[in-house]
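Mapping the sequence shown onto full-length UniProt numbering, position 93 (from 1) lands on 93, and the numbers just tick up by one.
In this text, a Cβ means the ideal position worked out from N, Cα and C, and glycines have one as well.
This structure is a prediction, so every number in the text was calculated from the model and none was measured.
Some notes on the structure that comes next.
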Amino acid sequence: MSLRAVEAFGGPREARQAIREGRWTGPTAGLCPGYAQANLVVLPRQFACDFLLFCQRNPNPCPLLEVTDAGSWEPRRLAPGADLRTDVPRYRIYRDGRLEGEPTDVLDLWRDDLVAFLFGCSFTFERALLEAGVPVRHLEEGKNVPMYVTNRACDPAGIFRGPLVVTMRPIPVELVPRAVQVTARFPGAHGAPVHVGDPAALGIRRLERPDFGDAVTVRDGEMPVFWACGVTAQAVALESKASLMLTHAPGHMFITDRKDADLSYD
1 MSLRAVEAFG GPREARQAIR EGRWTGPTAG LCPGYAQANL VVLPRQFACD
51 FLLFCQRNPN PCPLLEVTDA GSWEPRRLAP GADLRTDVPR YRIYRDGRLE
101 GEPTDVLDLW RDDLVAFLFG CSFTFERALL EAGVPVRHLE EGKNVPMYVT
151 NRACDPAGIF RGPLVVTMRP IPVELVPRAV QVTARFPGAH GAPVHVGDPA
201 ALGIRRLERP DFGDAVTVRD GEMPVFWACG VTAQAVALES KASLMLTHAP
251 GHMFITDRKD ADLSYD
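As structure tokens, then:
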């Protein structure tokens, strides 16, 4: 099914229904413009307090939007009636720091002790960038956003530690200040860039080889601009070695009922 076909369903509930029924399993960039998307991390209750502290210490990559009660799969604040076990196009299963699989639902893995964390996603501010005349290359090229593991360490909490992950969007040099201003208004969706310019300063050797997502074209007169990314939690999963961590697959986000503007301070 094409992106245009999914958009034809209407709003987030229709898109989540298409995802739940397996009619959309791809990345969610560009889906339901005007509505916020969210990263998902699910952990056993024994690790929840440490991860909550990790998010509080690292609000740039992990801007918390909601934490569910143990055992609950319904994000009542962001999308009442939704099901976090089925309403993400593709999940990732980590056990003891190893990636075990990428299913399209986690119904058979859900337990009464699992706590879900939802935090903002940079897909949320892309509509505002476009409205400000700033191009978004991965949307133009029909790709997933490129993501890179950096040499910057997050502030650890309990067992959770690891490197910052960033997304990259190539921006015409003259539009970089505008891109910074626009995205700074969205602290609930990672906010302003963490770095502009030389990828080597973040330990990124080759832009054409992202660690997650797809490479995009960087044209003459453009500068790579980097934003903190919620996939940081997955890099942390590899180092923390929690007995179980369920997440979204990179770029395959949870679509909420909240408007983009709800995550902005306009």
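Would you call the region 8–18 and the region 48–55 touching, i.e. three or more CB-CB distances under 8 Å?
Touching, no.
I'd like to know if the region 213–230 and the region 86–98 are in contact, where contact means that at least 3 CB-CB pairs between them fall below 8 Å.
Short answer: they don't touch.
I believe Tyr35 touches Asp260 by the beta-carbon criterion, under 8 Å. Please report the beta-carbon distance rounded to the nearest angstrom.
Between Asp260 and Tyr35 the Cβ distance is about 7 Å, and since that is below 8 Å, they are a contact.
Grab the span of the beta strand (DSSP E) containing Ile93 for me, first residue to last.
Unbroken beta strand (DSSP E) run through Ile93: 91–95.
In this structure, how does DSSP classify Ala128 when only helix, strand and coil are distinguished?
The answer is helix: DSSP assigns Ala128 an H, G or I state.
Can you give me the C-alpha to C-alpha distance between Ala5 and Leu64, rounded to a whole angstrom?
Only weak support exists for where Ala5 lies, its pLDDT of 45 falling under 50; the value from the coordinates is given anyway. Their backbone Cα atoms lie some 31 Å apart in a straight line.
Buried or exposed, going by whether 16 or more other CB atoms sit within 10 Å of the CB of Arg219?
With fewer than 16 Cβ atoms within 10 Å of its Cβ, Arg219 is classed as exposed.
Ignore the nearest five residues each way along the sequence and tell me which others in Gly191's own chain have a CB closer than 7 Å to its CB.
Asn60, Thr183, Ala184, listed in sequence order.
DSSP state of Ala153, grouped into three classes?
DSSP places Ala153 in strand when its eight states are reduced to three.
Applying the 10 Å Cβ sphere with the 16-neighbour rule, what's the burial state of Ser2?
With a pLDDT of 44 at Ser2, under the threshold of 50, the modelled position of that residue is not reliable, and no figure is offered here.
Relative to the alpha-carbon of His252, which residue among Ala79, Glu141, Ala29, Pro170 has its alpha-carbon at the smallest distance?
Minimum Cα distance to His252 is reached at Ala29.
So, for Gly203: in the same chain, excluding its five sequence neighbours on each side, which residues have a beta-carbon less than 6 Å away from its beta-carbon?
Result list for Gly203: Thr150, Asn151, in chain order.
Output the distance between the C-alpha atoms of Leu244 and Asp96, rounded to the nearest integer angstrom.
Going from the Cα of Leu244 to the Cα of Asp96 covers about 7 Å.
Assign Pro170 to buried or exposed, taking buried as 16 or more other Cβ atoms, counted over all protein chains shown, within 10 Å of its Cβ.
Classification of Pro170: buried, given that the 10 Å Cβ count is 16 or more.
Among residues of its own chain, excluding the 5 on either side of residue 284, which ones have a beta-carbon nearer than 8 Å to its beta-carbon?
Here the chain covers residues 1 to 266 and nothing more, so residue 284 does not appear.
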